[in-house]
Structures are given as structure tokens and as C-alpha cells.
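Engineer: Got a structure for you, written out below as C-alpha cells; questions coming shortly.
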């Protein structure tokens, strides 16, 4: 099974369904199940981000009042990667009007020259706070989250192969 290593607190936010879009600086053509691996370390900068809203509130809602309780170095969820969008500057979107943020993402799986092309997403305020929506990056759309008890594993960069234990029933 494909897997991706994501640092905390983002990995747990995905595992609980609060973060449904993962932003990356690279695209993938892969679609299908993907294991969410929580990285082995908790970066100090990310620790500080986890102390402010809306991330703090989301983690508190999940029972992670103490950030030291977040699982590290383990696969914690299986999700379906269903699409990948290219993040673009797009003035006039709802979030732009509300927050003066000119961001959106265009589909990478449809022909932009097709007269019916219009597949475009605008991040919610929460998704915007949970990702790096810098134009030129990519938004990976995640669905069908299955949170699992942490399974220790060594992470890697980019997509990597993870051998799920035979007893894991999804």
C-alpha cells in the first residue's frame, strides 16, 4: 500500500477527519488508498503552531490537550487520495471576499480547454489554516478516513510502500 509521512499535528488532524486536504510542493498521479504515517519527530515550529487556534481547538476536541500524546513514528490512518489540484491565485472567491485571501485550486485531472471545465475548489477557512496554500503548490483531496491504532513504522520522503499487517481489516 502507498504511504506518506506527515508531521504532527497534521497527521492526527487527517486521521480524525478534520483535515481533508493535504498541501504539498509536488503533485502525484496516484489515486487510491494511502496510509497516513505520523513522522517520528515534532518540529518546534509546528509545536508552536499547535498552540494557537484553530489547530489548538481541533486538537483539544480530539482529546490531545497535551501535545506530547500525539502519536509519532507510526501509521495512524488509511485514507483514499481521490484528486490532486494545482493551487493558483484566484481573486474574487468566497474566501477572498471574507478573508482577503486570493487562493484556490484547479483540477489537474480535467482538460482546462474543455468547454465544461470548471472543476475548482476554494479552501474553507479551517482548511486554509491547516495547509500551505501558496500558489504553485498542490492540494491533495483525501476522503474515506479510517483511523487506526498506531502501527510503528519508519517513514520516508514522498510516497513510499508500506506493508500493512495481515490482521488490518479495512
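In this note's numbering, the protein residues as written are 492 to 661.
Glycine included, every Cβ here is placed at the ideal spot set by N, Cα and C.
Please read these numbers as outputs of a predicted model, since none were measured by experiment.
(1) By how many angstroms is the C-alpha of residue 549 removed from the C-alpha of residue 576?
(2) What are the boundary residues of the beta strand (DSSP E) that includes residue 651?
(3) Out of curiosity, what's the CA-to-CA distance linking residue 620 and residue 644?
(4) Does residue 638 come out as helix, strand or coil in the three-state DSSP assignment?
(5) Less than 8 Å between the beta carbons of residue 626 and residue 512, yes or no?
(6) Taking residue 570 and residue 650 to be in contact with their CB atoms under 8 Å, please state how far apart those CB atoms are, rounded to whole angstroms.
(7) Verify whether the separation of the beta carbon atoms of residue 522 and residue 541 is less than 8 Å.
(8) Compare the beta carbon distance of residue 530 and residue 636 with 8 Å and say whether it is the shorter of the two.
(9) Would you identify the three-state DSSP class for residue 633, choosing helix, strand or coil?
(10) Measuring CB to CB, does residue 528 end up less than 8 Å from residue 657?
(11) For residue 568 and residue 638, which I take to be in contact (beta-carbon distance under 8 Å), what is that distance rounded to the nearest angstrom?
Structural biologist: On the basis of the data shown:
(1) Distance from the CA of residue 576 to the CA of residue 549, rounded to the nearest whole angstrom, comes to 25 Å.
(2) 650–652
(3) 28 Å
(4) strand
(5) no
(6) Their Cβ separation, rounded to whole angstroms, is 13 Å, which puts residue 570 and residue 650 out of contact at 8 Å.
(7) For residue 522 and residue 541, no; Cβs fall outside 8 Å.
(8) Cβ atoms of residue 530 and residue 636: not closer than 8 Å.
(9) strand
(10) In this structure, residue 657 does not lie closer than 8 Å to residue 528 by Cβ.
(11) 5 Å
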